[in-house]
Each structure stands twice: as structure tokens, then as C-alpha cells.
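S.K.: Please see the structure below; I have some questions.
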Amino acid sequence: MTDQTPALELEDLTMHYGPVRAVDGVSFAIRPGQVTALVGESGSGKSTVGRCVVRLVEPTAGTVRIAGTDITHLSRRVLRKHRDDVSIVFQDPAGSLDPRMLVGDVVGEPLRIGARRLPRKERDRRVAEELGRVGLRPAVARRYPHELSGGQRQRVSIARALISSPTLLIADEPTSALDVSVQAAVLNLLADLQRDIGFACLFITHDLSAVEYLADEIAVMYLGQLVEMGSRERIFARPRHPYTQALLAAAPVADPVEQRSRTRVLLGDDLPSALDPPSGCRFRTRCPLAFDRCATEVPPPIPVGDGYAACHLVRPDGTGPDVRVSSGHEVGA
Ligand code: SF4
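All residue numbers for the sequence shown refer to my numbering, where the first residue is 211 and numbers rise by one.
Here is the structure:
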């Protein structure tokens, strides 16, 4: 692995659960130390991408490379050697922490069984250090997960994920199961740790506003496919895909005056079924700008600045309409 080797590379990643096309040909790369947010509604397939990366599910097709190693077809035994390269933090800390284990044992587990195995005393020292890093007192190590608050439990999950110094952290909706009052604190903690330690991160979320201060790159997923990619600056300033524009319009803003003055773009109906995705552009059944060609031709990715958007209305120079202003009224599917 060189300094330029991506921390994560996905090539045509595909995951079908029988007839359900949860992920359909997703490709992108994350550079070392880079944070890429994968955003989309519930059911878009974004969590399945995270699960394929840690091989919690076996991809139907495509390639997953972590730090240059193709892990797609490695046996479980060989895969264990790469266990320390990637960690995952799940949405629900209550469900992901073993309730029978003391917090100290939960956090220290990767140093008990992983390639970076350490003797007990050294492990306890590292656990105390890691707990401190996520803002918890060392005494928390002698408590059980159920004795902690939701926010503290998520800090424990983060400590466990980072104790083996992974190259890549998958954060799968890490704050959405938490009380609103602690969500910002946990997000800030993740952002601070990422800056200090410099791990690469795939941040999976349904909430575009949550990634504004965290992500370097944003990948927008709709019904199993990526519809737009680009730098955070470009996506927030000039989103090109109508779906990205709708997601941005739906994200709440702190300023109530700005909130009231915004054009609302309603996505209307729920996400169509991944069992039978719409022909042509998969977003067409909810897109306020859809026209005949959208039903018959799959839109190719058109370069936009540092990324792309897959929509027939994006022009070759990377410009295109904005459903937030071009409709001039509230639009729905
Ligand atoms: S290709 Fe058509 S349906 Fe799809 S986003 Fe663009 S305008 Fe809307």
C-alpha cells in the first residue's frame, strides 16, 4: 500500500437479496484520511453498502478493496487478518454492545483477539486511554452497557471501533438512534477524532445537514444506485441532481427566517420498491422535472466539477436546472 492507495475502493458493487436489487453497481473510492458521506433515504441501499464493506453480507458481484487488498472473496480465516483495517459503528449502540460484558472488555476486545493482541495490563491501559479520548471516565470500564446513557453507549462503540487504529471507519447512522440533545455532541466527537487521528471514514446517513461539517466528499444514493457525487462544497453550493436538490431543500436550517423563505420540494410518495425499480431513471416517478426520455434511457453520469450527476437535464458543461428555484412553487410527485 502506498500513500496514494485508497482506503476503500468499490467497483461495481452489487447486492441482490433474491429479486430485491438493494445495491446495483456502486463504484467510488475514499482516499486515506478522507470522509465520504453516503446519503439517501431509508431503503436506498446505503447501509447495505456498509455491510458489504465489512463483509457482514456477501456481495452478489463487484469488488471491495480495503487499503489495496481485495477482500471480496477472502475466506473468513484470511479475512480475520484484515479485521483491524476496518471498523464499524452501528446506529443502535444498545443492540451492538454485548450486555453481559463489562465496558472495559467490550472496548478492549479487538486487542484481545485481533492481530494487535496485547497482554491484559497493556490492554487495560489502552482501554482507559481510548475511553478518555471519547470523553468517558476510566471508571466506566467497570460498568455494564445498560448502566450508561444512549450517548455514552455510542461513545463506547466509537472507542471500541477505534482502539485497533483502523484505516477505515464505517459510521452507519451513528447518531440517528440517539436523543436529539446528544446527537450534535456525538457528531462533533467523531469530527474531532477524525481530524486528530486521520482515519478514512464512510459516513452513512439519511440526513444531509449532518454531513455539512464532517464530509470531504458526498455520494448520493437512490434506490440502489449513486445519482451524484462531489465535494461537500460543490454539493452544498451547486447540487445538480434533482434528488440531491430535494434532499437539501428538506434538510432543516437553524435560521427560522431562512427556513420559511425556502422553496419546499416535496418528494411525495415513498421510495419505489427495489423489487421492480422504475425503467430509465429510477428517480423519474418522483422527479418534478421528468420527461419522456427519463422512462426509456438510463441517464449516464455527466461530469460536474469534481464529480458527476446522473440526470438527462445536466448539460455537458455541468450546468442544469434546480428544482428548488426553477419550479417557482411547491412541487410534489
Ligand atoms: S433523468 Fe429525468 S427523471 Fe431523472 S432526475 Fe433527471 S429529469 Fe428527473
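Note that beta-carbon positions come from the ideal geometry of N, C-alpha and C, so glycine has one too.
(1) Should Leu266 be labelled buried (16 or more other beta-carbon atoms within 10 Å of its own) or exposed?
(2) Cβ of Tyr518 within 8 Å of any heavy atom in ligand 1?
(3) At a cut-off of 8 Å, would you count Arg503 as near ligand 1, judging by its Cβ distance to the nearest heavy atom?
(4) Taking C-beta to C-beta, are Arg255 and Asp234 nearer than 9 Å?
(5) In this structure, what does DSSP give as the bridge partners for Pro513?
(6) Considering only the beta carbon of each residue, do Arg406 and Gly361 sit closer than 9 Å?
(7) When you compare only the Cα positions, how much space is there between Thr282 and Leu379?
(8) Looking at Ala232 and Ala429, is the spacing between their C-beta atoms short of 9 Å?
(9) From this set, Ala447, Val263, Ala410, Cys521, which residue's C-alpha is nearest Arg241's C-alpha?
(10) Is Pro509 a contact residue of ligand 1, with contact defined as CB to any heavy atom under 8 Å?
(11) What number of angstroms, rounded off, separates the C-alpha of Ala304 from the C-alpha of His356?
(12) What is the rounded straight-line gap between the Cα of Arg503 and the Cα of Gly490?
(13) Does Tyr423 pass the burial test, meaning 16 or more other C-beta atoms within 10 Å, or should it be called exposed?
(14) Please state whether DSSP places Leu378 in a helix, a strand or coil.
(15) Can you look up His416 in the DSSP assignment and give me helix, strand or coil?
(16) Which first and last residues belong to the beta strand (DSSP E) in which Val299 is found?
(17) Looking only at DSSP bridge pairs, what is Leu248 linked to?
(18) Tell me which residues share the same chain as Phe300 and place their Cβ nearer than 6 Å to its Cβ, disregarding the 5 neighbours each side in the sequence.
(19) Could you check where the alpha helix (DSSP H) with Arg330 kicks off and where it finishes?
(20) Where does His539 sit, in a helix, a strand or coil, going by DSSP?
(21) Using a Cβ-Cβ cut-off of 9 Å, state whether Ser237 counts as contacting chain B.
(22) Might you give, ordered along the chain, the residues of its own chain that have their beta carbon closer than 8 Å to the beta carbon of Arg444, omitting 5 neighbours on each side?
(23) Tell me, to the nearest whole angstrom, how far the beta carbon of Ala387 is from that of Asp417; I am working on the premise that it is less than 8 Å.
(24) Could I get the ranges of all uninterrupted alpha helix (DSSP H) runs contained in the region 437 to 462, with 4 residues as the minimum, in chain order?
(25) State whether the region 309 to 325 contacts the region 337 to 353, with contact taken as three or more CB pairs (one from each stretch) at a distance under 8 Å.
(26) Within a Cβ cutoff of 7 Å, which residues of the same chain sit near Pro482, ignoring the five residues on either side of it in sequence?
(27) Under the assumption that Val421 contacts Ala247 (Cβ atoms under 8 Å), give the Cβ distance between them as a whole number of angstroms.
(28) Any heavy atom of ligand 3 inside 8 Å of the beta-carbon of Arg494?
(29) From the DSSP output, which residues share a beta bridge with Phe238?
(30) From which residue to which residue does the beta strand (DSSP E) around Gly490 run?
(31) Which residue wins for smallest C-alpha separation from Val263, given the options Val245, Val296, Lys291?
(32) Which residues mark the beginning and the end of the beta strand (DSSP E) in which Arg525 is found?
(33) Consult DSSP for Gln435 and reduce its assignment to one of helix, strand or coil.
(34) Tell me which residue opens and which closes the beta strand (DSSP E) that Val350 is part of.
(35) Can you grab the Cα-Cα spacing for the pair Val541 / Gly342, in whole Å?
(36) In the DSSP assignment, find the unbroken alpha helix (DSSP H) run with Val396 in it and report its ends.
M.R.: Judging by the given coordinates:
(1) So Leu266 counts as exposed.
(2) no
(3) yes
(4) Looking at the sequence shown, residue 255 is not Arg but Gly. It is a contact, given that the beta carbons lie within the stated cut-off.
(5) DSSP output for Pro513 lists Tyr518 as bridge partner(s).
(6) Per the sequence presented here, residue 406 reads as Asp, with Arg not at that position. In this structure, Gly361 does not lie closer than 9 Å to Asp406 by Cβ.
(7) Roughly 18 Å between the two C-alpha positions.
(8) no
(9) Measuring from the Cα of Arg241, the nearest candidate turns out to be Ala410.
(10) yes
(11) 8 Å
(12) Here the alpha carbons of Gly490 and Arg503 stand approximately 8 Å from one another.
(13) Around the beta carbon of Tyr423, fewer than 16 other beta carbons lie within 10 angstroms, which makes this residue exposed.
(14) strand
(15) coil
(16) Per DSSP, Val299 belongs to the beta strand (DSSP E) from 296 to 299.
(17) The secondary-structure analysis by DSSP pairs Leu248 across a beta bridge with Ile414, Ala429.
(18) Ser306, Asp382
(19) 330 to 343
(20) Legend: pLDDT at His539 = 37, less than 50; position of this residue unreliable, no value from coordinates given.
(21) The structure shown contains no chain B; it holds only a single protein chain.
(22) Val514, Gly515, Asp516, Gly517
(23) Contact flag wrong, Cβ pair sits at about 13 Å.
(24) 442 to 447, 452 to 460
(25) yes
(26) Leu433, Pro488, Thr495
(27) Val421 to Ala247, Cβ: 4 Å. Contact.
(28) Ligands displayed in this structure: ligand 1; ligand 3 is not among them.
(29) Leu220
(30) Per DSSP, Gly490 belongs to no beta strand (DSSP E) and is neither H nor E.
(31) Val296
(32) Segment: none, Arg525 is in no beta strand (DSSP E) and carries neither H nor E.
(33) Here Gln435 sits in strand by DSSP.
(34) Neither: Val350 is in no beta strand (DSSP E) and is coded neither H nor E.
(35) Because Val541 sits at a pLDDT of 36, beneath the cut-off of 50, its placement in the model cannot be relied upon, and the point is left open.
(36) 390 to 407
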